[in-house]
Every structure is written in structure tokens, then in C-alpha cells.
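Data first, discussion second: the structure below is written as C-alpha cells.
Chains as they are written, first to last, in our numbering: chain A, 15 to 286; chain B, 168 to 580.
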């Protein structure tokens with residue numbers, strides 16, 4: 015069974031919700047990526063999304079783009095990132111599923127089959143490709159299915175019901191529900207329309223529904239807890255990577271990252 | 168024409184926005200609704216005589232179309248071969264072809280009931296064109312422009328601001344056109360409900376490459392009519408510069424089914440051949456995705472977009488419109504590149520011989536036009552799409568020439 019499917023099966027059986035932090039690979043460097051992944055897993059993160067830095071990420075806000083730029087300025091190569099993920103996942107007792115998030119051109123460059131083989135060997139169980147809409151995702155989804163690799167697609171507030179139906183059919187692992195119209199980043203409060211959107215999606219699919227884009231605070235998580243199967247927090251985590259790149263801040267950033275994950279896991283699952 | 172209508176080179180894009188294998192939509196789901204809405208609005212406008220009449224009326228009364236097709240006698244004598252004609256897009260209001268598309272898309276904005284426009288710009292010509300359309304139609308306008316380009320194109324920044332447009336400096340990445348497109352697309356994702364993004368080149372997700380091409384196609388259509396009137400037949404060759412490729416798309420598109428007409432696209436060769444020293448995407452790039460379309464892209468072995476260089480801010484782009492990728496692979500258009508230095512020399516040559524200062528983008532096409540003309544017989548006719556005037560580049564040319572002279576003196580001393 016794919017580790018993502020196993021995770022949500024177990025969480026649902028226990029009545030718990032997934033907390034899924036996003037971390038850019040290679041920011042500020044690969045050694046920190048390994049430490050940060052290990053720290054968030056130890057702090058209770060259920061699944062980690064690893065951002066594959068890209069030079070022109072149109073779906074991401076300024077914080078994540080700046081993070082990608084830092085990683086690429088440090089000459090990050092995708093092959094080296096995969097090697098680090100492999101080492102991370104090979105640590106004794108590691109059981110946190112990881113998924114990649116990246117722009118489609120990085121996959122196209124390697125070829126879908128080669129990318130998926132390398133990603134799986136690195137311990138990744140699926141990928142979110144925010145610039146690959148369902149119309150263009152057919153081939154990737156087919157190759158992914160052959161390798162038990164999950165193509166995780168996005169549904170947004172502007173998605174029509176007809177499109178949403180197509181998207182959830184092509185999607186695997188979980189549905190990435192975008193809570194707001196716009197790019198990744200933090201917002202003060204969650205939009206009201208999310209409740210209706212989740213209800214409509216529940217009628218279309220049994221896949222877990224996880225909400226991202228604009229989630230950053232424990233209050234947001236509390237609002238969402240009863241509605242969804244998991245939440246994804248990106249920008250707030252990436253700020254800690256930025257901090258880790260400052261002289262003498264690595265340990266502090268790691269401690270704060272851990273504390274932040276613990277707080278969000280508890281907000282999502284208040285009763286142990 | 169030997170090809171039938173259905174498989175003609177011009178019968179693109181298909182319903183998915185594909186030009187052969189190129190094009191399509193590679194954008195976040197958030198934008199799909201807006202792109203479908205835009206596709207529908209454009210399809211209905213395209214077949215609405217009232218819309219087309221209004222577009223033509225503004226182009227005639229405000230822009231000053233049709234632009235002239237002018238026989239450049241002294242350039243012809245200098246090249247010593249085919250007769251050279253200039254399609255004078257530089258004589259349009261605002262000084263370049265960019266205004267054609269900006270007016271068309273501003274009309275579409277009104278038709279969709281949207282209240283505000285945003286745009287990106289490199290050399291500033293599309294920014295100025297959008298600012299102009301914003302002023303003309305009373306639409307608030309914001310233009311994204313790389314910090315480096317703001318420095319290079321001071322005059323156009325002033326023009327935009329004078330017309331009430333907000334010029335938004337882009338400080339991410341290489342601070343040029345490519346980053347301005349990223350920022351504009353990002354903004355559009357959060358303002359899509361009341362804002363239209365007037366993309367300036369034949370790039371981006373479907374339907375933009377098609378819309379921009381169509382709104383520029385009067386260039387090629389007028390060349391056909393004017394050459395029939397002036398020389399009694401079609402030209403033998405047509406030359407245009409290619410950055411994103413909007414003036415070339417509009418110039419070439421009405422010609423692609425006329426197989427006897429040679430079409431030549433000219434890219435920016437910068438100052439060397441290595442990645443990062445030029446912007447010759449079709450000469451040196453590989454297929455990939457940038458700014459929502461599948462097309463040739465200058466990229467490294469991981470698929471990261473490469474840095475580009477050109478003396479011309481308008482050609483300084485690491486990808487190219489998907490239809491050009493299609494024309495390259497189907498061999499309908501021949502693409503070549505011209506270096507910074509060759510373009511600078513042509514800037515002065517054209518100014519001295521014809522009394523017309525070309526934009527640095529256009530100067531690239533002047534170089535290849537002279538080459539093509541020199542190899543062809545005196546009975547042949549070569550048309551150059553004179554995409555823009557050079558006023559905006561004067562300060563930058565002066566600066567670069569001073570540097571070049573200094574470097575030249577150091578080499579000889």
C-alpha cells in the first residue's frame with residue numbers, strides 16, 4: 015500500500031487529522047534540509063511536502079520564491095536533493111511519508127517515468143504539481159499509476175463543479191484544496207466559502223481532503239479541524255528556513271520549527 | 168497554396184491551445200476559470216462584427232493605421248541586392264506595434280466587464296501601450312517592470328507614469344522581463360475576478376498566444392494588401408525580430424500558407440554563445456514550460472530557466488511564443504540570431520541612411536534584412552517589420568557605445 019493511503023487509513027480510524035508542513039529542499043543547504051525534516055517528523059508532522067526549487071514558480075508567493083532563489087543561488091541540483099531525501103528516509107524508525115511539490119517543467123526535463131523512479135528511490139510517495147492542470151495531467155497520472163506514485167491535484171474556489179469531478183477522478187493520495195483565490199502565503203483568517211467547498215467535494219470523492227494556501231496560525235487550524243482530513247502549512251515554515259540561513263541562527267530556527275509544528279499538531283488534534 | 172484548409176500551417180491552435188505539440192495551459196488551477204472565460208469572450212468577440220468594427224475604428228483614428236509600407240532606397244543600395252521595404256510599425260501612436268494588441272485586449276477587458284488592467288513590460292513599449300489603452304478607456308492600470316529595465320528605459324517609465332499608470336518595480340530573480348511576467352501572473356491570480364492581464368507578447372497560457380497573434384495580424388495582412396498595390400505581388404521574403412515574438416507572429420501569420428514567401432525570425436545573439444550570454448531561445452533552447460506554455464526555453468540540465476542577455480530589453484526573454492516553436496519545428500520559418508554589436512551598428516546604419524532611428528529590437532532584424540537582401544537578386548523584394556522606433560533606446564545606446572569605445576581603446580593600447 016502506498017504510504018499516503020496507509021497514513022490516512024490509520025488517521026481516519028483513530029479520528030485524527032494530518033498536519034503537513036512544507037519545506038523547501040536545499041534552503042539554506044541540504045544538511046539543514048535533513049535536520050529540518052528529521053525535526054518536524056519528531057515533532058509529530060504526519061507527512062512532509064518537499065518543495066523542489068524552481069527559478070520561475072508562478073504559483074508561489076514571495077516568501078517561497080525567495081526560498082527557492084536562495085537554494086538555487088547555492089547551486090542546488092535536483093539529484094543532490096533526492097540523495098539527501100534518501101538519506102533522511104533511511105534513518106532508523108523513519109515512517110513519515112514525503113511528497114514533492116514542484117513545477118511541471120522539472121518533471122518534463124527528466125521525463126515522467128525517470129522522475130518518478132528517482133523520486134520513489136528518494137523516499138517520495140507522490141507529487142503535487144501546481145502548474146499541471148487536469149487537462150495536461152493525463153500522461154503523468156498514467157505513468158504515476160504504473161509506479162504506485164500519487165499524482166496530487168488541486169481544487170480551488172474558482173474550480174467549477176464539472177472540473178472538480180474530473181480533478182478528483184485523476185487525483186491520488188489526497189486532494190489539495192486551495193482555500194483562497196491567489197498564491198501561497200499567509201492570511202489573517204480563513205474564508206467562509208471553504209465550508210461549502212469541502213461539502214461539495216465530499217459528495218464527489220472519498221479521498222482525504224487537505225487544505226493549504228493561506229493556513230499559518232493555530233486559530234486557522236482550529237477552524238478547519240472538523241471539516242478536513244489535513245492541513246498544509248508552507249509559508250510560516252519557510253520563514254524558519256530563511257532564519258536558519260542567518261549566521262548563528264541554525265539551532266534556534268530548528269528549535270522554533272519544531273515548536274511550531276508541535277503547536278499546530280496539537281491545535282489540529284487537541285485530545286491525544 | 169498546396170495545403171488544404173484543415174491541415175494548413177495556419178490552422179492552429181487546436182481547442183486545447185496547442186500549436187502542434189507546443190502551447191497549452193500549464194498554470195495553477197486558480198487561473199483556469201479566468202482562461203476559459205477569456206477564451207469564450209474572445210471567441211464571441213472574434214465573430215462579432217460590432218467588436219471588430221470598433222477595433223478597426225480605433226486603430227484607424229487613434230493609432231493611425233494602416234502603417235506605411237515604405238521603400239528604403241538607400242538601405243537597398245547599401246545591401247546591393249533585393250529591394251528592401253519597411254513596414255512602419257514605428258509610426259503607430261506610441262511608437263511600436265505593441266499598441267495594436269493593447270487596444271484589442273482593452274476592448275476585451277470592457278467586454279468581460281472587468282474594471283482594471285495589469286501588464287508586464289521589458290523595453291517598456293508594451294507598458295506604454297497598456298498605459299495608453301488604460302488612459303483611453305479609463306481603466307486603472309498597473310505595469311510590472313524589472314528594476315534593471317526601469318534603469319535602461321527611463322523615458323518609457325516617465326511616459327507610463329504621465330498617463331496615470333502605476334509602474335511596479337520587480338526586484339525578484341534577474342529583475343527583467345521574465346520576472347515581470349512572473350509577478351504579473353501572480354498578481355492576476357489574486358485579482359482575477361475584476362482584473363484583466365494584458366499580456367504583451369505571443370506567450371503565456373492559451374488563449375494568450377492566439378489572441379496576441381490575432382491582434383497583431385493586421386501587420387501581415389496590410390503588408391499583403393500594400394505589396395499587391397505597390398509591387399503587384401507578394402514579397403519574396405519577410406523578416407521580423409523575435410523576443411517573445413508578437414510582432415513576428417502578427418507579421419508571419421497571414422503569410423504562413425503562402426509557401427513561396429520566405430519567413431525569417433531574428434533572435435538576440437547577445438555577446439557570446441554560452442548560456443546566459445544571449446537570448447536566442449530557438450537557436451539554443453530545448454522544449455520545456457515557462458509562464459504557462461510549453462515551448463522552447465533556455466534552460467540548464469535540471470530544467471531551471473537560464474539567465475539571458477541582450478542589449479535590447481525587449482528581446483531579453485528566455486522563452487518564445489509557442490507558435491514560433493511550432494514554425495521552427497515544422498520549418499516554415501527560418502530562425503537566426505544577431506549579436507549586440509551587429510545590432511548597434513545597424514542602429515546607426517539605418518539612422519544615417521534612412522533618417523529613421525530603429526528600436527534596438529528592430530535593429531536586430533535590420534541586420535538580417537541586409538544580409539538576406541544582399542544575397543537575393545535586384546528583382547526580389549524583402550519586407551522588414553520595422554517594429555518600433557529607437558527614441559527609447561538613445562540613452563542606453565550612448566552608454567553602451569561609450570563602454571564599447573573604451574574597451575576598443577584598451578584592446579588597441
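Every residue, glycine too, gets a C-beta built ideally from N, C-alpha and C.
{"Asked": "Here's the rule I'm using: 16 or more other beta-carbon atoms within 10 Å means buried, otherwise exposed. How should residue 168 of chain B be labelled?", "Found": "Only weak support is given to the placement of residue 168 of chain B: the predicted model assigns it a pLDDT of 43, under 50, and the question is left unresolved by the model."}
{"Asked": "In angstroms, rounded to a whole number, what distance separates the CA positions of residue 171 of chain A and residue 317 of chain B?", "Found": "36 Å"}
{"Asked": "If we count the other Cβ atoms within 10 Å of its Cβ and call it buried at 16 or more, is residue 544 of chain B buried or exposed?", "Found": "exposed"}
{"Asked": "One question on the structure: do residue 470 of chain B and residue 459 of chain B come within less than 8 Å of each other, judged by their Cβ atoms?", "Found": "no"}
{"Asked": "In the DSSP assignment, what residue or residues form a beta bridge with residue 244 of chain A?", "Found": "A/32, A/224"}
{"Asked": "Cα separation between residue 208 of chain A and residue 508 of chain B?", "Found": "57 Å"}
{"Asked": "Give me the Cα-Cα distance between residue 64 of chain A and residue 44 of chain A, rounded to the nearest whole angstrom.", "Found": "12 Å"}
{"Asked": "How should residue 541 of chain B be labelled, buried or exposed, when 16 other C-beta atoms within 10 angstroms of its C-beta is the threshold for buried?", "Found": "exposed"}
{"Asked": "Compile a chain-ordered list of the residues in the stretch 193-216 of chain B whose CB is closer than 7 Å to at least one CB of chain A.", "Found": "193, 194, 195, 196, 197, 199, 200"}
{"Asked": "Rounded to whole angstroms, what's the CA-CA distance from residue 140 of chain A to residue 495 of chain B? Just pull it up for me.", "Found": "36 Å"}
{"Asked": "Do residue 447 of chain B and residue 436 of chain B have their CB atoms nearer than 8 Å?", "Found": "yes"}
{"Asked": "Hey, quick one: how far does the alpha helix (DSSP H) through residue 451 of chain B stretch, first residue to last?", "Found": "448-451"}
{"Asked": "Could you tell me whether the Cβ of residue 81 of chain A comes closer than 8 Å to any Cβ of chain B?", "Found": "no"}
{"Asked": "Mark residue 259 of chain B as exposed unless 16 or more other C-beta atoms lie within 10 angstroms of its C-beta, in which case mark it buried.", "Found": "buried"}
{"Asked": "Which bits of chain A does residue 183 of chain B rub up against, with CB to CB less than 8 Å?", "Found": "149"}
{"Asked": "Check each residue of the stretch 70-94 of chain A: if its Cβ is closer than 9 Å to any Cβ of chain B, include it; give the result in chain order.", "Found": "70, 71, 72, 73, 74, 75, 76, 79, 80, 83, 86, 90, 91, 92, 93"}
{"Asked": "Do the stretch 119-132 of chain A and the stretch 153-164 of chain A meet, that is, are 3 or more Cβ pairs less than 8 Å apart?", "Found": "yes"}
{"Asked": "Taking the alpha helix (DSSP H) that residue 139 of chain A falls in, what are its first and last residues?", "Found": "First-last for residue 139 of chain A: 138-142, but that is the beta strand (DSSP E), not the alpha helix (DSSP H)."}
{"Asked": "Just to confirm, is the Cβ distance from residue 247 of chain A to residue 81 of chain A under 8 Å?", "Found": "no"}
{"Asked": "Chain A partners of residue 508 of chain B, CB-CB under 9 Å?", "Found": "The contacting residues do not exist; residue 508 of chain B stays about 28 Å from chain A at best."}
{"Asked": "So, is the C-beta of residue 214 of chain A closer than 8 Å to a C-beta in chain B?", "Found": "no"}
{"Asked": "Output, in sequence order along the chain, the residues in the stretch 350-369 of chain B whose CB is closer than 8 Å to any CB in chain A.", "Found": "352, 353, 356, 357, 359, 360"}
{"Asked": "Mind reading off the beta-carbon distance from residue 403 of chain B to residue 434 of chain B? Whole number of angstroms is fine, and I expect it under 8 Å.", "Found": "Not really, about 22 Å apart at Cβ, beyond 8 Å."}
{"Asked": "Strictly below 8 Å CB to CB, what residues from chain B border residue 255 of chain A?", "Found": "Chain B residues near residue 255 of chain A: none, gap ~17 Å exceeds 8 Å."}
{"Asked": "Please state whether DSSP places residue 466 of chain B in a helix, a strand or coil.", "Found": "strand"}
{"Asked": "Give me the Cα-Cα distance between residue 182 of chain B and residue 321 of chain B, rounded to the nearest whole angstrom.", "Found": "41 Å"}
{"Asked": "Quick check: the Cα distance between residue 203 of chain A and residue 501 of chain B, rounded to an integer number of angstroms?", "Found": "Here the model assigns residue 203 of chain A a pLDDT of 49, short of 50, so the residue's position is not dependable and the matter cannot be decided."}
{"Asked": "Which same chain residues end up closer than 7 Å to residue 303 of chain A when comparing Cβ atoms and leaving out the 5 residues on each side of it in sequence?", "Found": "Lying outside 15 to 286, the shown extent of chain A, residue 303 of chain A is not represented and no answer is given."}
{"Asked": "For residue 491 of chain B and residue 409 of chain B, which I take to be in contact (beta-carbon distance under 8 Å), what is that distance rounded to the nearest angstrom?", "Found": "6 Å"}
{"Asked": "Please tell me whether residue 619 of chain B and residue 254 of chain B are closer than 8 Å, where the distance is taken between their beta carbons.", "Found": "An answer regarding residue 619 of chain B cannot be provided, because it is not within the stretch 168 to 580 covered by chain B."}
{"Asked": "In this structure, does DSSP put residue 253 of chain B in helix, strand or coil?", "Found": "strand"}
{"Asked": "Residue 145 of chain A and residue 118 of chain A look like a contact to me (Cβ under 8 Å); what is the Cβ gap, rounded to whole Å?", "Found": "5 Å"}
{"Asked": "Compare the beta carbon distance of residue 214 of chain B and residue 279 of chain B with 8 Å and say whether it is the shorter of the two.", "Found": "no"}
{"Asked": "Got a sec: is the Cβ-Cβ distance from residue 26 of chain A to anything in chain B below 8 Å?", "Found": "no"}
{"Asked": "Using a beta-carbon distance below 8 Å, is residue 203 of chain A in contact with chain B?", "Found": "Confidence at residue 203 of chain A is low in this model, with a pLDDT of 49, below 50, so the placement of that residue is unreliable and no value is reported for it."}
{"Asked": "Jot down the residue ranges of each uninterrupted beta strand (DSSP E) in the stretch 73-125 of chain A, minimum 3 residues, whole runs only, in chain order.", "Found": "112-115"}
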